[in-house]
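Reviewing the structure listed below.
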Amino acid sequence: MGDLIAIRHPMSGNDDYSMNIGNNLAENTAVIQMETTVDELINSTGKTLKEVNNRLEGEAGAYLLVHCGGRKLGIGDRIEEVTKQLKKEAKGVPFITIFTFGEYGSENQGANTCGGLMLSFTAFGK
0 MGDLIAIRHP MSGNDDYSMN IGNNLAENTA VIQMETTVDE LINSTGKTLK EVNNRLEGEA
60 GAYLLVHCGG RKLGIGDRIE EVTKQLKKEA KGVPFITIFT FGEYGSENQG ANTCGGLMLS
120 FTAFGK
């Protein structure tokens, strides 16, 4: 799919040292180990909602904010800090947040994909 970057996270290791991955990997796919801190996971939520608002033409009427369940597990007991970030950036606009396992969406490449450890935030105009 060209320069599309999608996160695929390991699900489990096998006795033969292979791994089960959250999605299929095409042959010859480059794999890069990524890492982040809990602070970065938390702060990225407010930053992402701010970016959504900057792209929106007009005013937001509501938001659907999808988080990967793995991100929630990584954030753990600090999840209330995510709530504070989202409330601050939503500025009173109603939102619903769900934590799923695998996120679907599309971007400028025009094709749908499924990734993991992602945020998939959508704004609905008034």
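Residue numbers (numbering that gives the first Met the number 0): 0 to 125.
Don't be surprised by glycine CBs; every beta carbon is placed ideally from N, CA and C.
Assign Gln84 to one of two classes, buried (16 or more other C-beta atoms within 10 Å of its C-beta) or exposed (fewer than that). Here the question's residue 84 lines up with position 85 in the sequence shown. Gln84 should be labelled buried.
Beta-carbon within less than 8 Å of Ile74's beta-carbon, same chain only, minus the 5 sequence neighbours each way: which residues are those? One-based indexing of the sequence shown puts residue 74 at position 75. The answer, listed in chain order, is Val37, Leu40, Ile41, Glu80 and Val81.
Sequence-distant residues of the same chain with beta carbon closer than 8 Å to Ser11, five excluded per side: Numbered from its first residue, the sequence shown carries residue 11 at position 12. The residues are Met18 and Asn19.
Looking at Leu48: is its Cβ nearer than 8 Å to the Cβ of Phe98? On the sequence shown, residue 48 is found 49 positions in, with the first residue counted as 1. On the sequence shown, residue 98 is found 99 positions in, with the first residue counted as 1. Contact: no.
Please go through the same chain and pick out, in chain order, the residues whose beta-carbon is closer than 8 Å to the beta-carbon of Asn52, but skip the five residues on each side of it. Reading the sequence shown from its first residue, position 53 is the one you call residue 52. Same-chain partners within the cutoff: Ala59, Glu88 and Ala122.
Among Leu64, Leu72 and Asp15, which residue has its Cα nearest to the Cα of Lys46? Along the sequence shown, read from residue 1 onward, the residue named residue 46 stands at position 47. Checking every option, the nearest Cα to that of Lys46 belongs to Leu64.
Grab me the residues of Gly124's own chain with a C-beta within less than 8 Å of its C-beta, minus the 5 sequence neighbours each way, in chain order. On the sequence shown, position 125 is the one that residue 124 refers to. Excluding sequence neighbours, Gly124 sits near Leu55, Glu56, Gly57, Glu58, Ala59 and Gly60.
Could you please give the first and the last residue of the uninterrupted beta strand (DSSP E) stretch that includes Leu55? Within the sequence shown, residue 55 is the residue found at index 56, counting from 1. Leu55 -> no beta strand (DSSP E), and no H or E assigned at all.
When you compare the CB positions of Tyr62 and Val30, do they come within less than 8 Å of one another, or not? Reading the sequence shown from its first residue, position 63 is the one you call residue 62. Reading the sequence shown from its first residue, position 31 is the one you call residue 30. Against a cut-off of 8 Å, the Cβ pair of Val30 and Tyr62 comes out as no contact.
Cβ-Cβ separation, Gly68 to Phe100 (assumed contact under 8 Å), whole Å: Taking the first residue of the sequence shown as 1, we reach residue 100 at position 101. Taking the first residue of the sequence shown as 1, we reach residue 68 at position 69. About 5 Å; that satisfies the 8 Å criterion.
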